[in-house]
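To start, the structure under review is shown below, and the notes come after it.
Residue numbers (the numbering used here): 200 to 457.
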C-alpha cells in the first residue's frame with residue numbers, strides 16, 4: 200500500500216498537483232473565449248499568453264493526428280497552422296497512393312518481427328494492421344482520419360501524464376512538471392471544448408461555420424458520414440476517450456505502486 204512518507208510518491212504527488220493547478224489557470228482564457236465571458240483579466244499577459252500557447256499546442260497535435268492517420272491510409276499530407284481562419288489544416292498533397300500503403304504494411308510486418316518477444320506490442324500492431332486493411336479501401340478511413348485529429352489531443356495528453364507520473368523526464372523536476380502541466384492542460388482543453396460544443400449554441404455555430412464554410416468541422420463531417428451517430432454522439436465519443444486518457448495513466452501508476 201501507499202505511504203505518504205515515501206519520498207518518490209510524495210514528490211510525484213507534488214509535481215502532479217502543481218501541474219494541475221497551473222494547467223487550470225492556463226485554460227481559463229480558453230473557457231472565457233468559448234463561453235463569451237467578459238473576463239478582461241484573463242486575456243492579457245501573462246495568463247492570456249500562456250492560454251494561447253496551450254491552444255496552439257493543442258492545435259499542433261490535432262493536425263499531427265490528422266496527418267499521421269492520413270499517411271497511414273496512403274495520403275501524403277502535411278500539417279499547417281491556418282493563420283487566416285484560425286486553428287490548423289492537414290493538407291493532402293494528392294489522392295491515395297498505393298505505394299505508401301505498401302510501405303505501411305511493410306513497416307507493420309517488420310515491427311511484428313522485431314517485437315516478437317513483446318506480445319502486447321504485437322497485438323497492438325495486429326490491431327493497426329486490421330484497421331488499415333479493413334478501412335483503407337472504404338469511405339470509413341476518412342472517418343478515422345477526421346476523428347484522429349481530436350483524438351490525438353487526448354492521446355498526447357495521456358502520454359504527458361504518463362511521463363510525469365513515472366518520472367520519465369530526463370532533464371529533471373522542471374521537465375517533469377511541464378509534462379504534468381501540458382498533460383492536464385490538453386485534457387482539460389478537450390473537456391472545455393466538448394462542453395462548449397454540447398452546451399453553447401453560439402460556439403456550436405462558430406464551429407459549424409469554421410474556415411468560412413459550413414459543416415467543415417471534424418465532428419460535422421463524421422456525423423454526416425455515419426448516419427447512426429449524430430453530432431452530439433460523436434462529441435460524446437471524444438469525451439469518453441478523453442476520460443480514458445485521463446484515468447488510465449493514473450491506473451497504471453497505482454498498479455505499479457501496489
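Glycine residues also receive a C-beta, built at the ideal position from the N, C-alpha and C atoms. Just so you know, these numbers come straight off a predicted model, no measurement behind them.
Original post:
Among residues of its own chain, excluding the 5 on either side of residue 200, which ones have a beta-carbon nearer than 7 Å to its beta-carbon?
Top reply: Position 1 of the chain shown, counted from the first residue, corresponds to residue 200. Unreliable positioning characterises residue 200 in this predicted model, as indicated by a pLDDT of 40, which lies under 50. A coordinate reading is not provided.
Original post:
In whole angstroms, what is the alpha-carbon distance linking residue 347 and residue 269?
Top reply: Taking the first residue of the chain shown as position 1, residue 347 is located at position 148. Taking the first residue of the chain shown as position 1, residue 269 is located at position 70. Distance between the alpha carbons of residue 347 and residue 269 is about 9 Å.
Original post:
Using the C-alpha atoms, what's the distance from residue 380 back to residue 245?
Top reply: The count along the chain shown starts at 1 and reaches residue 245 at position 46. The count along the chain shown starts at 1 and reaches residue 380 at position 181. Those two C-alpha atoms are separated by around 16 Å.
**OP:** Starting from the C-beta of residue 225, find all residues in its chain whose C-beta is less than 7 Å away, skip the five residues before and the five after it, and write them out in chain order.
**Re:** Along the chain shown, one-based indexing puts residue 225 at 26. These residues qualify, in order along the chain: 249, 250, 253, 384.
**OP:** Rank 291, 364, 388, 436 by C-alpha distance to the C-alpha of residue 456 and give the top, closest one.
**Re:** Counting from one through the chain shown, the residue named residue 456 turns up at place 257. Taking only the C-alpha atoms, the option nearest residue 456 is 364.
Subject >> Own chain partners of residue 438 with C-beta closer than 6 Å, once the 5 adjacent residues on each side are dropped >> reply: The residue given as residue 438 occupies position 239 in the chain shown. The beta carbon of residue 438 lies closer than 6 Å to those of 393 in the same chain, with the five residues before and after it left out.
**OP:** Compare the C-alpha of residue 445 against each of 209, 219, 207 and name the closest.
**Re:** As a first step, residue 445 must be located in the chain shown, where it is residue number 246. Of the candidates 209, 219, 207, the residue whose Cα lies closest to the Cα of residue 445 is 219.
Original post:
Between 325, 312, 430, 440, which lies nearest to residue 387 when the distance is taken from Cα to Cα?
Top reply: Sequence index remark: in the chain shown, residue 387 carries index 188 (1-based). Nearest of 325, 312, 430, 440 to residue 387, Cα basis: 440.
Original post:
Out of curiosity, what's the CA-to-CA distance linking residue 336 and residue 307?
Top reply: Walking along the chain shown from the start, residue 336 turns up at place 137. Walking along the chain shown from the start, residue 307 turns up at place 108. Note on geometry: alpha-carbon atoms of residue 336 and residue 307 lie some 18 Å from one another.
Subject >> Option nearest residue 330 by Cα separation, candidates 354, 230, 303 >> reply: Taking the first residue of the chain shown as position 1, residue 330 is located at position 131. Ranked by Cα distance from residue 330, the first of 354, 230, 303 is 303.
Subject >> Same chain, Cβ closer than 7 Å to residue 354, five either side skipped, listed in chain order >> reply: Here the question's residue 354 lines up with position 155 in the chain shown. Exclusion of the five residues before and after residue 354 leaves 444 as the residues of its chain whose Cβ lies within less than 7 Å of its Cβ.
Subject >> Sequence-distant residues of its chain with Cβ nearer than 6 Å to residue 420 (five each side left out) >> reply: Taking the chain shown and counting its residues from 1, one reaches residue 420 at position 221. For residue 420, the CB contacts under 6 Å within the same chain, skipping 5 residues up- and downstream, are 345 in chain order.
Subject >> DSSP-derived helix/strand/coil call for residue 289 >> reply: What you label residue 289 is simply residue 90 of the chain shown in a count that begins at 1. In the three-state scheme derived from DSSP, where H, G and I count as helix and E and B as strand, residue 289 is classed as strand.
Original post:
Sorted by chain position, which residues of the same chain lie with C-beta nearer than 7 Å to residue 397's C-beta, five sequence neighbours on each side aside?
Top reply: Here residue 397 is taken as the residue at index 198 of the chain shown, counted from 1. Answer for residue 397: 431, 434, listed in chain order.
Subject >> Pair within 9 Å by beta-carbon distance, residue 343 and residue 382 >> reply: Here residue 343 corresponds to residue number 144 of the chain shown, with the count starting at 1. Here residue 382 corresponds to residue number 183 of the chain shown, with the count starting at 1. Contact flag unset, no.
Subject >> CA-to-CA distance, residue 243 to residue 202, given in whole angstroms >> reply: The residue given as residue 202 occupies position 3 in the chain shown. The residue given as residue 243 occupies position 44 in the chain shown. At residue 202 the pLDDT is 45, less than 50, meaning the model places this residue with poor confidence and gives no usable figure here.
Subject >> Segments of 4+ residues assigned as alpha helix (DSSP H) that fall wholly inside the stretch 375-431 >> reply: Runs of the alpha helix (DSSP H) inside the stretch 375-431: 400-407, 417-424.
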